[in-house]
Amino acid sequence: MNDKKYRLVTRSDMDGLVCGTLLKYLDIIDEITFVHPKDMQDGKIEITSNDITTNLPYVEGVYLAFDHHFSETLRNEKKDNHIIDPNAASAAQVVYDYYDGDEIFPGYFTGMMLGANKADSADFTYEDIVEPRAWALLSFLMDSRTGLGRFRNFRISNYQLMMDLIDYCSRHNIDEILELPDVKERVDLYFQYEEQFKEQLKKCTKVFGNLLIIDYRYEEIIYPGNRFMVYTLFPEQNISIHIFWAKDKEKTVFSTGKSIINKTSNTNIGELMLKYGGGGHKKAGACQIYNDKSEQILEELISKINQDG
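Taken in order, the sequence shown gives residues 301 to 609; the numbers are from the working numbering.
Structure below.
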């Protein structure tokens, strides 16, 4: 194994956590930076030959880029250092396979890998959504779209928790991880607001044929909760768009995903989002649109998704 150490640039979510755990175990990273994929696409993150990226858009100059986003296969010509498998369930799985994971990593990593694959491919069951446990629960806590970080100040930041968990996950089972005080604090908050979250979800959701539009832009408080819960409340629809402001409120985010309860949607979401400057997988993706164009683009998205069925 190369003695050189690299910086990992990844997302602050379950997939990023597991990628970090794998690469730290291999002792090939000594620094981690968490970024938003749009900032990578827009060239806002400086990437060099000292960097390994995972689950992010490809940027020239990187040492290695691991990914499994379908839209990235359309956006880029194939490069030797772009390790991409759109059929893999997570970028963590791409990393695992690249380093001959079954030979290299300990057997007890299996549960963690299954957790990463389930989270990044949204392969959750009804029970995982309504009564989350084990790795499914941890993945909801780590998902920024759950909104825990927005809701209160924890003892340590989400960034510090991610850094701690990258070390902790390589040595402990999921039951021990969920009992860590800084994780348990988030577990308690997640369940504390569950009913308010469901009520707000019903209030903010409109049905357009097979599509659910969940518009949070004008809510003063957005209660934390699982982004898949909407599919248990509206089982007839097969796809959704969550709408919220981008960080600076100059843009509107359309975060689009297929129902994991009613799996009949025909839309290729990654391809559709790519047309509007975003990206994603066949089953999930997002784009950010300047506010003055957002209503027009939303109408186009509704029309296309309804047409696809």
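Quick reminder that beta carbons are idealized off the backbone N, C-alpha and C, glycines included.
* Asked: Which ranges would you report for the alpha helix (DSSP H) in the segment 471-514 if only whole runs of at least 4 residues count?
  -> With a minimum length of 4 residues, the unbroken runs of alpha helix (DSSP H) contained wholly in the segment 471-514 fall at 474-478, 481-492 and 494-504.
* If we call anything under 8 angstroms between Cβ atoms a contact, is I539 one with S565? -> With respect to S565, I539 sits close: the two C-beta atoms are nearer than 8 angstroms.
* Asked: Among the residues of its own chain, which have a CB less than 8 angstroms from the CB of W545, if the five just before and after it don't count?
  -> Counting only Cβ-Cβ distances below 8 angstroms, and skipping sequence neighbours, we find R517, K551, T552 and V553.
* To do: Could you tell me which residues DSSP puts in a beta bridge with V309?
  => Looking at the DSSP output, V309 bridges to T333 and T353.
* Answer with buried or exposed for S559, where buried requires no fewer than 16 other C-beta atoms within 10 angstroms of its C-beta. => So S559 ends up on the buried side.
* To do: Give the secondary structure of F544 by DSSP, where H, G and I count as helix, E and B as strand, and everything else as coil.
  => In the three-state reduction of the DSSP assignment, F544 falls in the strand class.
* Range covered by the beta strand (DSSP E) that runs through V362 -> Run containing V362: none; DSSP gives neither H nor E here.
* Taking the CB atoms as reference points, tell me whether M463 and V318 lie closer together than 8 angstroms. => Not in contact: M463 and V318 (Cβ atoms no closer than 8 angstroms).
* **Member of G577, A388 and E600 whose CA lies at the smallest distance from the CA of Q341** => The shortest C-alpha separation from Q341 is found at G577.
* Specify the secondary structure class of T410 as computed by DSSP and reduced to three states. => Secondary structure of T410 (DSSP, three-state): helix.
* **Own chain, CB closer than 6 angstroms to F334, minus 5 neighbours either side, in chain order** => Annotation for F334: S312 place their beta carbon closer than 6 angstroms to its own, counting only its chain and skipping 5 residues before and after.
* Asked: Alpha carbon to alpha carbon, how far is T532 from T425?
  -> Straight across, the Cα-Cα distance linking T532 with T425 is about 10 angstroms.
* Name the one or two DSSP bridge partners that F554 has. => Note: F554 sits in a beta bridge opposite I543 and C587.
* Mind checking T410: buried by the 16 CB within 10 Å criterion, or exposed? -> By the Cβ-count criterion, T410 is exposed, with fewer than 16 other Cβ atoms from all chains shown falling within 10 Å of its own Cβ.
* What are the partner residues of H382, as DSSP defines its beta bridges? -> In the DSSP output, where bridge partners are listed per residue, H382 has A365.
* **Secondary structure of G343, DSSP reduced to three states** => For G343, the secondary structure class from DSSP, reduced to helix, strand or coil, is coil.
* Inspect the beta-carbon positions of S439 and A389 and report whether they are closer than 8 angstroms. => S439 places its beta carbon 8 angstroms or farther from that of A389.
* To do: Thinking Y399 and L308 are a contact (beta carbons under 8 angstroms), I'd like their distance in whole angstroms, please.
  => About 14 angstroms separates the two Cβ atoms, so there is no contact after all.
* Would you grab the beta carbon distance between N526 and T446 for me? Rounded to a whole angstrom, and I think it's under 8 angstroms. => Sure, about 6 angstroms apart at Cβ, within 8 angstroms.
* For D608 and I575, the rounded distance between their alpha carbons -> For clarity, residue 575 is Lys in the given sequence; the question names Ile instead. The straight-line gap from Cα to Cα measures roughly 16 angstroms.
* Per DSSP, what kind of secondary structure is G580 in: helix, strand or coil? -> In the structure shown, G580 sits in a strand (DSSP, three-state: E or B).
* Report the rounded CA-to-CA distance for L323 versus I329, giving the unit in angstroms. => If I take the Cα positions, the gap works out to 6 angstroms.
* Asked: Smallest Cα separation from K344: which of Y468, V359 and F454?
  -> Distances from the alpha-carbon of K344 to those of Y468, V359 and F454 put V359 closest.
* The alpha helix (DSSP H) spanning Y468 covers which residue range? -> N458 to Y468 is the span of the alpha helix (DSSP H), which, as asked, contains Y468.
* What are the start and end residues of the alpha helix (DSSP H) that includes L533? -> Start and end: M529 to L533.
* To do: Alpha carbon to alpha carbon, how far is E571 from I429? Give it in angstroms, no decimals.
  => Looking at the backbone, the Cα of I429 and that of E571 are separated by about 27 angstroms.
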